[in-house]
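What follows is a set of notes on a single structure, which appears directly below.
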Amino acid sequence: MDRGELLYEGKAKQVYRTPDPDRLIQHFKDDATAFNAQKRGTIVSKGIVNNRISEVLFGVLERAGVATHFVERLSERDMLVRACQIVKIEVVVRNVIAGSLATRLGRPEGEALPEPILEHYLKDDALGDPLLNDWHIRFLQLATPDELAAINATALRVNAVLRPYLDARQIVLVDFKLEFGRHHGQLLVADEICPDTCRLWDKTTGHKLDKDRFRRDLGAVEEAYQEAARRICGVAA
Ligand code: C5P
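The opening residue of the sequence shown carries number 11 in the numbering used here; numbering runs sequentially from there.
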């Protein structure tokens, strides 16, 4: 499938039209940003890793009955997806306290949660993706009550599917962010699921295999992405 007009360019991806109005191409870049683009850099081969890992994890979800926008990986950096209207809510699921939750609640990073915590953020870079509650979502009409219920149930289901899959690969799924899209009246898990959007810790050592290595200047960033690819895809990207 050929790339057509560039529809959208984000921090880590480009989205192109295709000859089929129902299909888009996501192109994965090596550009990395953090802290709402205040920190910028490049992670060599990140786009290749994120495309491969997303392919595998979307496949795991589809086989478990979770509808996603994934169609097929076309090349190292290109993925064919179903065209969606993206819901302007970033959904975060957490199993272990880390990142902004540690800061917000004043709790130590690494504390296991007795049950997953689900959060919603407004997908709006200019506002710094603020935290939302259900009343904000209703007021802003970001999703209908039925859509929100489906989004929440699906996000928890994604967690229930991916956690054991990653655990078997010696990875703790600490937390992750999902996006959803509307496609002919159906809600699909969209965007990407990869070390940019998940916290992935080695089960034994706690070694970070995700974007926190870039955000926090921990070093060995490329190696961590490659290791995540090796464990999740069975091969280095
Ligand atoms: O920063 P915070 O702790 O809220 O992040 C929670 C999870 O959501 C992390 O896995 C992070 O990688 C992901 N995230 C994301 N995109 C954002 C914000 C957070 O993928 N804009």
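Glycine included, each C-beta is placed from N, C-alpha and C at the ideal position.
All of these numbers come straight from a predicted model, not from anything done at the bench.
Bridge partner(s) assigned by DSSP for residue i
{"i": "GLU82", "result": "LEU90"}
{"i": "ARG73", "result": "Per DSSP, none; premise fails for ARG73."}
{"i": "VAL25", "result": "TYR18, GLN36"}
{"i": "ALA44", "result": "LYS49"}
{"i": "VAL245", "result": "VAL245 is not bridged to any residue."}
{"i": "HIS146", "result": "In DSSP, HIS146 forms no bridge with anything."}
{"i": "LEU129", "result": "First, the residue type needs correcting, since residue 129 is Glu and not Leu in the sequence shown. Partner(s): VAL102."}
{"i": "LEU141", "result": "TYR131"}
Top-ranked residue by Cα proximity to residue i, from the options
{"i": "VAL213", "options": "LEU142, LEU128, ASP177", "result": "Correcting the residue type first, residue 213 is Lys in the shown sequence and not Val. Comparing Cα positions, the closest option is ASP177."}
{"i": "ILE181", "options": "CYS208, HIS194, ALA160", "result": "CYS208"}
{"i": "SER11", "options": "VAL106, GLY69, ASP156, PRO31", "result": "According to the sequence displayed, residue 11 carries Met and not Ser. The residue with the shortest Cα to Cα distance from MET11 is PRO31."}
{"i": "LEU132", "options": "VAL245, PRO124, ILE96, ARG117", "result": "ILE96"}
{"i": "GLU125", "options": "ARG117, LEU67, ASN105, PRO118", "result": "ASN105"}
{"i": "VAL81", "options": "ILE161, ARG33, PRO118", "result": "ARG33"}
{"i": "GLY138", "options": "ALA247, GLU237, ASN46", "result": "ASN46"}
{"i": "GLU100", "options": "HIS130, SER110, LEU158", "result": "HIS130"}
{"i": "THR215", "options": "LEU198, ALA93, GLY120, ARG50", "result": "GLY120"}
Per-residue DSSP class, three states only, for residue i
{"i": "ALA112", "result": "helix"}
{"i": "PRO124", "result": "strand"}
{"i": "VAL66", "result": "helix"}
{"i": "GLU157", "result": "helix"}
{"i": "ILE107", "result": "coil"}
{"i": "LEU152", "result": "coil"}
{"i": "VAL59", "result": "helix"}
Pick out the complete beta strand (DSSP E) segments inside the segment 162 to 243, 3 residues or longer, and give them in chain order. 181 to 193, 196 to 200, 208 to 212
Does the segment 200 to 214 come close enough to the segment 135 to 143 that 3 or more CB-CB pairs lie under 8 angstroms? no
Any chance the segment 30 to 48 sits against the segment 79 to 89, with 3 or more Cβ pairs inside 8 angstroms? yes
Should the segment 150 to 166 be regarded as contacting the segment 54 to 65, the criterion being three or more beta carbon pairs within less than 8 angstroms? no
Determine, using beta-carbon pairs with one atom in the segment 61 to 69 and one in the segment 223 to 242, whether at least three such pairs fall under 8 angstroms. yes
Would the segment 63 to 79 count as touching the segment 163 to 170 if we require 3 or more Cβ pairs under 8 angstroms? yes
If contact is defined by three or more beta carbon pairs under 8 angstroms, each pair taking one atom from either stretch, is the segment 18 to 33 in contact with the segment 182 to 189? no
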